[in-house]
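For the sequence shown, our numbering begins at 1 and goes up steadily by one. Note that CB positions come from ideal geometry on N, CA and C, so glycine has one too. What you are looking at is a predicted structure, and each value in this text was computed from that prediction instead of being measured.
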Amino acid sequence: MRILSGIQPSGALHLGNYFGMMKPAIELQDKGEALYFIANYHSMTSLFDAEQRRRNTLDVALDFLACGLDPQKAIFFRQSDVPEVTELAWILTTLTPMGLLERCTSYKDKIAKGISPNHGLFAYPVLMAADILIYDSNVVPVGQDQKQHVEVTRDIAIKFNQQYGETFVIPEPEIRGEVARVPGTDGEKMSKSYGNTIEIFGDEKAMRKKVMSIVMDSRTPQEPKPDADRNIAIQLLKLVAPADVANETEARLRAGGLGYGDLKKTLFEHYWNHFADARRKRAELAANLDYVEKVLADGAARARAIARTVLARARKASGLE
Ligand code: TYM
Numbered sequence: 001m002r003i004l005s006g007i008q009p010s011g012a013l014h015l016g017n018y019f020g021m022m023k024p025a026i027e028l029q030d031k032g033e034a035l036y037f038i039a040n041y042h043s044m045t046s047l048f049d050a051e052q053r054r055r056n057t058l059d060v061a062l063d064f065l066a067c068g069l070d071p072q073k074a075i076f077f078r079q080s081d082v083p084e085v086t087e088l089a090w091i092l093t094t095l096t097p098m099g100l101l102e103r104c105t106s107y108k109d110k111i112a113k114g115i116s117p118n119h120g121l122f123a124y125p126v127l128m129a130a131d132i133l134i135y136d137s138n139v140v141p142v143g144q145d146q147k148q149h150v151e152v153t154r155d156i157a158i159k160f161n162q163q164y165g166e167t168f169v170i171p172e173p174e175i176r177g178e179v180a181r182v183p184g185t186d187g188e189k190m191s192k193s194y195g196n197t198i199e200i201f202g203d204e205k206a207m208r209k210k211v212m213s214i215v216m217d218s219r220t221p222q223e224p225k226p227d228a229d230r231n232i233a234i235q236l237l238k239l240v241a242p243a244d245v246a247n248e249t250e251a252r253l254r255a256g257g258l259g260y261g262d263l264k265k266t267l268f269e270h271y272w273n274h275f276a277d278a279r280r281k282r283a284e285l286a287a288n289l290d291y292v293e294k295v296l297a298d299g300a301a302r303a304r305a306i307a308r309t310v311l312a313r314a315r316k317a318s319g320l321e
């Protein structure tokens with residue numbers, strides 16, 4: 001089984017990235033041949049500062065390795081170190097109906113937020129299809145917001161196979177129900193562009209402030225809260241604390257008597273402890289950047305060998321060769 005996923009270097013990674021994609025991806029690295037990459041080509045659709053892209057790319061590498069991506073098991077690389085993917089994107093784009101891309105909600109959301117659309121943003125899902133198809137991927141672990149893009153990938157692959165003969169493996173998204181959409185401090189999907197994130201490796205004081213700013217209602221501590229399971233802090237606590245602690249805290253909130261301030265303090269302590277080992281590992285890696293560069297270079301060489309084979313298949317099938 002081949003497993004593939006990518007993550008954009010668009011800023012510091014947050015709990016949505018971690019629980020929605022990185023943790024499942026790290027667990028899957030034992031279950032098959034895994035390829036994980038830093039989607040720096042994709043970041044070009046919305047980030048226009050070269051130095052920042054370079055820095056963010058390195059940060060994603062440090063974050064992912066610190067969280068447990070094992071380069072002995074998974075192939076870890078920078079998207080742009082396999083430029084073959086852009087050629088495949090062109091080939092696929094010629095079989096992609098405009099309507100398919102026009103229906104993509106993530107594109108529509110970005111426009112609605114006032115981002116001025118460039119062609120790359122519109123064609124984004126085609127490059128993503130190329131990312132997935134060029135490694136004969138079977139399984140793509142992602143958060144809910146990327147599901148439609150994997151469906152677009154499947155549509156394009158099926159179309160190519162019908163037009164030019166069996167060439168591509170048809171991939172499946174893998175989305176974990178309980179972390180499909182990790183909420184941010186305002187209850188919306190946690191997302192850098194909504195300004196509601198809690199970073200995996202944020203500064204302690206700043207992260208405490210963010211946790212304390214999680215939106216609550218105005219009910220008094222004494223009031224019972226039958227909807228305790230919908231409380232944002234409880235939802236996050238279930239991710240970072242042992243199950244018995246999270247269940248007990250939820251029960252106390254439900255019964256009445258637990259104040260929101262104390263609830264948030266509990267959440268902060270568990271969040272902070274949850275990543276303590278990873279934080280130490282990250283500091284070690286940051287002091288050993290040659291190693292990190294070597295991991296990415298080795299990963300790129302291994303990924304590129306696969307990509308070249310699949311691209312050659314597509315070139316042949318479509319009459320380019
Ligand atoms: P990106 O960089 O926006 O997000 C990386 C991963 O994190 C997941 N995620 C979440 N999951 C649950 N709750 C949240 N609040 C949350 N926020 C983010 C995303 O679903 C994603 O899985 N287009 C992709 C990158 C990409 C890619 C690919 C992924 C490029 N090519 C090929 C898979 C396969 C993206 O922008 O993810």
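Assuming residue i and residue j make a contact with CB atoms under 8 Å, what is their CB distance in whole Å?
{"i": "leucine 236", "j": "leucine 15", "result": "7 Å"}
{"i": "valine 150", "j": "proline 171", "result": "6 Å"}
{"i": "arginine 78", "j": "leucine 296", "result": "6 Å"}
{"i": "isoleucine 156", "j": "leucine 92", "result": "5 Å"}
{"i": "threonine 45", "j": "tyrosine 124", "result": "6 Å"}
Using alpha carbons as the reference points, say which of the options lies closest to residue i.
{"i": "tyrosine 107", "options": "Ala301, Leu121, Pro97", "result": "Leu121"}
{"i": "proline 325", "options": "Arg176, Ile214, Lys238", "result": "The structure shown has nothing for residue 325, since the chain only spans 1 to 321."}
{"i": "isoleucine 158", "options": "Leu133, Gln72, Cys104", "result": "Leu133"}
{"i": "valine 139", "options": "Leu65, Gln8, Glu284, Met21", "result": "Met21"}
{"i": "aspartate 186", "options": "Ser193, Val215, His274", "result": "Val215"}
{"i": "valine 82", "options": "Thr309, Gly319, Glu321, Arg304", "result": "Arg304"}
{"i": "alanine 4", "options": "Pro173, Gly11, Ser116, Ala34", "result": "Note that residue 4 is leucine in the sequence shown, not alanine. Closest by alpha carbon: Ala34."}
{"i": "lysine 113", "options": "Ser193, Ser218, Arg2, Ala243", "result": "Ser193"}
{"i": "glutamate 178", "options": "Met212, Lys205, Val240", "result": "Val240"}
Name the two residues that bound the continuous alpha helix (DSSP H) containing residue i.
{"i": "phenylalanine 64", "result": "50-67"}
{"i": "leucine 133", "result": "119-133"}
{"i": "valine 140", "result": "Not the alpha helix (DSSP H): valine 140 falls in the beta strand (DSSP E), residues 139-141."}
{"i": "glutamate 178", "result": "That residue, glutamate 178, is in no alpha helix (DSSP H); it is neither H nor E in DSSP."}
{"i": "aspartate 227", "result": "No alpha helix (DSSP H) contains aspartate 227, which DSSP labels as neither H nor E."}
{"i": "proline 24", "result": "23-28"}
{"i": "threonine 309", "result": "289-317"}
Applying the 10 Å Cβ sphere with the 16-neighbour rule, what's the burial state of residue i?
{"i": "asparagine 288", "result": "exposed"}
{"i": "tyrosine 18", "result": "buried"}
{"i": "asparagine 231", "result": "buried"}
{"i": "isoleucine 111", "result": "exposed"}
{"i": "tyrosine 271", "result": "buried"}
{"i": "threonine 196", "result": "In the sequence on display, residue 196 carries asparagine and not threonine. The residue is buried, with at least 16 neighbouring Cβ atoms inside 10 Å."}
Could you spell out the range, first to last residue, of the beta strand (DSSP E) harbouring residue i?
{"i": "leucine 4", "result": "2-7"}
{"i": "glutamate 172", "result": "172-174"}
Using the DSSP secondary-structure output, state which residues sit across from residue i in a beta bridge.
{"i": "lysine 189", "result": "Pro183"}
{"i": "alanine 34", "result": "Ile3"}
{"i": "arginine 78", "result": "Ile38"}
{"i": "histidine 14", "result": "Glu199"}
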